[in-house]
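Asker: Quick one: structure below, then a few questions.
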Amino acid sequence: MKKFIFLAAAILTTCFAFAQTTSGLDPLVQNVYGRNIQKLNGYWNHFADPLETGYYDYRRQPTPNGFFKDHEVDLVKNYKEYDFDLSPTLAVPGDWNTQDDNLFLYEGTIWFRRVFDYQPHEGKVFLWFGAANYDTKVYLNGEKVGEHIGGYTPFNFDVTDRLANGENTLIVKVDNKRAVDAVPTNNFDWFNYGGITRDVLLVKVPKDFIQTYKVSLKQGTSDVIEVAIKTTKAGETVKVEIPELKISRTATTDENGIARLEARAKMTLWSPENPKLYDVTLASAHDSVKDRIGFKTIATNGHDILLNGKKVFLRGISIHEESAFRSGRIFSAEEGYTLLKWAKELGCNYVRLAHYPHNEQMVRQAEEMGLMVWSEIPVYWTIQWERDDVYANALNQLDEMIERDQNRVGIIIWSIANETPHGEARDRFLSSLARYARAKDNTRLLSMAMERNDKSPEVLSVRDNMSEYVDIIAFNQYLGWYDGLNEKIDRVRWEIDYNKPIVISEMGGGALYGNHGPKDQFWTEEYQAELYTKMLRMIDERMTGVAGLSPWVLKDFRSSRRLLPQIQDGFNRKGLVSDMGQRKQSFYILQKWYETKK
Ligand code: GCB
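See the structure below:
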């Protein structure tokens, strides 16, 4: 069953048609790391093809004998203008920009080739990509398997009937050209890392297998576990076991392959103080998959966020998925761990993983470390709201984000957008996404990073039609940086009229580590420290209903928008930690304040 059919039912409930922007995709296999996998990671031959010569002929028509054929079909004997065998290699996973200086600012197509050995397997095989940025076309043994757009979510193809026993040739065309009708658009404040940035796996499952599942606490209860399993077969018995809770239950799949069951248990709920996870096994007649799953409730009441029924303050920080010290796209669990450790040191119980879904290990690690997570899709700034295909793209990314991480107890918030200019088409687009997210997962809160819409120059506020669709009123604000000097922070009043929790999803200002001077001098550590001091005092003394914050940002990160020589040098400097891991003064100011919020 191809993916667009799978999505169709839910999409009918929105006011947009589902225009096909991807092809050949199959529904995601849940928890690939808990399956029988063959890693295709390693060094892949590659070359850049800025003119797309390997794809289009001279009339700009897709050529039937492009580079994806790897010379299986030579139109003219012995005529070659490319050769994968002679081409250099790049590490997969990895961004190409930080692996080869010539590719640092490259935006366009790169062709990758990986030759691998495959031994026959009884059952089905999926070719799975953790992520590739941005437009990916996949060919196996000279034939197109499918394509995917979107740079931060997983996708997979059923390649069972396309694999040869023995040697196979996988060719992947990845194009990271920015575009005005992409999601995100051609304008965003982070680095446009290109490449196959996450794992590539062959996922081997039985012919009839467990395609997906969701194990969570039933809404409104604290002792009933609810399980939904989808297998590829109707009328089969499935079994769920959680040995530590002495749970062992069976159910039978319906005509759609779906089985649901519930089990009551006295369990330890997951929390930052005690991030308890349980071993869970799900089995069908032929398949079995293991996971580590925790249980929690997350809800709101007026201005409060309630975790397991108790009021919690989100001591957060925003993070980009960029490695510490090296400043490239994170490509190992260790690199993600370093950032999360810094967040813990800061006193956080919560991280905003901005501005796109981070890799799966990052989310798993966060929950193991007791960090609640905000996860978001890159619906950022000036999306083309009127277009159905743009909506379909955003919706697909939202679906892939939720599908991949629906069993991650650490995730408390799905976010559907960041700083989007108001307008009717935008409201239609975002409210449809919100409805979809709620229908797919009602066990988490919904939010988006809004912008301020003030009542007067001195009376600051947030007023947004999307407020009725979200559980948390989150907004970014840059008093003292883009908006006045630090002294303005002391002058303003706040009136936010929604009776919902308020979360400041961004605040901050730039500082170059080691740059010292008076506290009214831009770019000094002292200026940034003063900004944080005033801002935190303002929250304490002159704002009501604030249930948390995730200042911008943990670490200085690369951005092609940040051009000031000797200060920015291609980095957004709003980090509390420099790109080389040095703590700026404001790190300690926030750390001290978070002590008071424990
Ligand atoms: C914002 C954006 C974030 C930017 C930040 C900045 O409001 O949400 O992506 O990086 O401001 O530094 O300007």
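Residues in the sequence shown are numbered consecutively from 1, following our numbering.
Cβ atoms here follow ideal geometry from the backbone N, Cα and C, with glycine treated the same way.
Based on the DSSP secondary-structure assignment, which residues constitute the bridge partners of Asn442?
Answerer: Asn442 is not bridged to any residue.
Asker: To which residues does DSSP link Ser375 through a beta bridge?
Answerer: Leu353, Trp414.
Asker: Roughly how many angstroms lie between the CA atoms of Arg583 and Val577, to the nearest whole one?
Answerer: Roughly 4 Å between the two C-alpha positions.
Asker: CB of Gly480 to nearest heavy atom of the ligand GCB: below 8 Å?
Answerer: Not so, every heavy atom of the ligand GCB lies at least 8 Å from the Cβ.
Asker: Comparing alpha-carbon positions, which option in Gly336, Ile377, Thr153 lies nearest His355?
Answerer: Checking every option, the nearest Cα to that of His355 belongs to Ile377.
Asker: Can you tell me the Cα-Cα spacing of Thr297 and Asn407, whole angstroms?
Answerer: Taking the straight line joining both Cα atoms gives about 13 Å.
Asker: Given the structure, does Val280 come close to the ligand GCB, in the sense that its CB is under 8 Å from one of the ligand's heavy atoms?
Answerer: Checking every heavy atom of the ligand GCB against the Cβ of Val280, none is found closer than 8 Å.
Asker: Look at the alpha carbon of Arg364 and the alpha carbon of Gln38, and state the distance between them as a whole number of angstroms.
Answerer: Arg364 and Gln38: Cα-Cα distance of roughly 21 Å.
Asker: Measuring alpha carbon to alpha carbon, tell me which residue in Ser271, Ala285, Val280, Asp287 is nearest Gly370.
Answerer: Minimum Cα distance to Gly370 is reached at Ser271.
Asker: How would you label Val73, buried or exposed, when you count the other beta carbons within 10 angstroms and need 16 or more for buried?
Answerer: Below a pLDDT of 50, predicted positions are generally treated as unreliable, and Val73, at 47, falls in that range; the measurement from the model is reported next regardless. Counting Cβ neighbours within 10 Å, Val73 comes out exposed, since fewer than 16 surround it.
Asker: Given a cut-off of 9 Å on the beta-carbon distance, is the pair Ile229 and Val240 in contact?
Answerer: Taking 9 Å as the Cβ cut-off, Ile229 and Val240 qualify as a contacting pair.
Asker: Measure the beta-carbon distance from Val203 to Val125 and round it to whole angstroms, keeping in mind my assumption that it falls under 8 Å.
Answerer: Going by Cβ atoms, the distance from Val203 to Val125 rounds to 7 Å, so yes, they are a contact pair.
Asker: So what does DSSP say about Asn396, is it helix, strand or coil?
Answerer: Reduced to three states, the DSSP call for Asn396 is helix.
Asker: Tell me the rounded alpha-carbon separation between Asn572 and Glu335.
Answerer: In a straight line, the C-alpha of Asn572 is about 19 Å away from that of Glu335.
Asker: How would you write the range of the alpha helix (DSSP H) that Gln591 sits in, first residue to last?
Answerer: That run of the alpha helix (DSSP H) goes 585 to 596.
Asker: Could you work out which residue in Val227, Arg60, Leu51 is closest to Met248 when comparing CA atoms only?
Answerer: Met is not the amino acid found at residue 248; the sequence shown has Ser there. When only C-alpha atoms are compared, the closest one is Val227.
Asker: What residue from Ile473, Gly24, Trp190 has the CA that sits closest to Leu105's CA?
Answerer: It is Trp190.
Asker: Check whether the Cβ of Lys290 sits closer than 8 Å to any heavy atom of the ligand GCB, and report yes or no.
Answerer: Answer for Lys290: no, Cβ out of range of the ligand GCB.
Asker: Measuring only the C-alpha atoms, how far is Glu321 from Leu430?
Answerer: Computed Cα separation, rounded: 24 Å.
Asker: Below 8 Å, is the gap between the Cβ of Gly508 and the nearest heavy atom of the ligand GCB?
Answerer: Gly508 Cβ: within cutoff of the ligand GCB.
Asker: Measuring only the C-alpha atoms, how far is Leu261 from Ile293?
Answerer: Rounded to whole angstroms, Leu261 to Ile293 spans 16 Å at the Cα level.
Asker: Judging by CA-CA distance, which residue of Leu40, Ser505, Glu541 is the nearest neighbour of Arg491?
Answerer: Closest option to Arg491, Cα to Cα, is Glu541.
Asker: Buried or exposed, going by whether 16 or more other CB atoms sit within 10 Å of the CB of Phe325?
Answerer: Counting Cβ neighbours within 10 Å, Phe325 comes out exposed, since fewer than 16 surround it.
Asker: Given a threshold of 16 other Cβ atoms within 10 Å of its Cβ, counted over all protein chains shown, does Val174 qualify as buried or as exposed?
Answerer: That one is buried.
Asker: Go through its chain and collect everything with a Cβ distance to Thr544's Cβ below 6 Å, but skip five positions before and after it.
Answerer: Once the five neighbours on either side are set aside, Thr544 has no close Cβ partner at all.
Asker: By how many angstroms is the C-alpha of Asp471 removed from the C-alpha of Lys681?
Answerer: Outside the shown range of the chain (1 to 598) lies residue 681, about which nothing can therefore be said.
Asker: Cα-Cα, which of Trp374, Leu201, Tyr498, Val459 is closest to Ala131?
Answerer: It is Leu201 whose Cα lies nearest to the Cα of Ala131.
Asker: In terms of DSSP beta bridges, what is Asp291 paired with?
Answerer: Paired residues: Val280.
Asker: Return the residue from the list Gly142, Gln119, Asn141, Asn186 that minimises the CA-CA distance to Ser560.
Answerer: Closest option to Ser560, Cα to Cα, is Asn186.
Asker: Mapping DSSP to helix, strand and coil, what is Gln38?
Answerer: Three-state DSSP puts Gln38 in a strand.
Asker: Grab the span of the alpha helix (DSSP H) containing Asp26 for me, first residue to last.
Answerer: First-last for Asp26: undefined, no H or E at that position.
Asker: How long is the line joining the alpha carbons of Asn509 and Leu531, rounded to whole angstroms?
Answerer: Asn is not the amino acid found at residue 509; the sequence shown has Gly there. Whole-angstrom Cα-Cα distance: 7 Å.
Asker: Taking the straight line between their C-alpha atoms, what separation do you get for Arg35 and Val205?
Answerer: Approximately 7 Å between the Cα atoms of the pair.
Asker: May I ask whether a heavy atom of the ligand GCB can be found less than 8 Å away from the beta carbon of Ala434?
Answerer: Because no heavy atom of the ligand GCB lies under 8 Å away, the Cβ of Ala434 does not count as near it: no.
Asker: Measuring only the C-alpha atoms, how far is Asp100 from Thr89?
Answerer: C-alpha separation (whole angstroms): 10 Å.
Asker: What span of residues does the alpha helix (DSSP H) with Leu261 cover, start to end?
Answerer: Careful: Leu261 lies outside any alpha helix (DSSP H), inside the beta strand (DSSP E) at 258 to 264.
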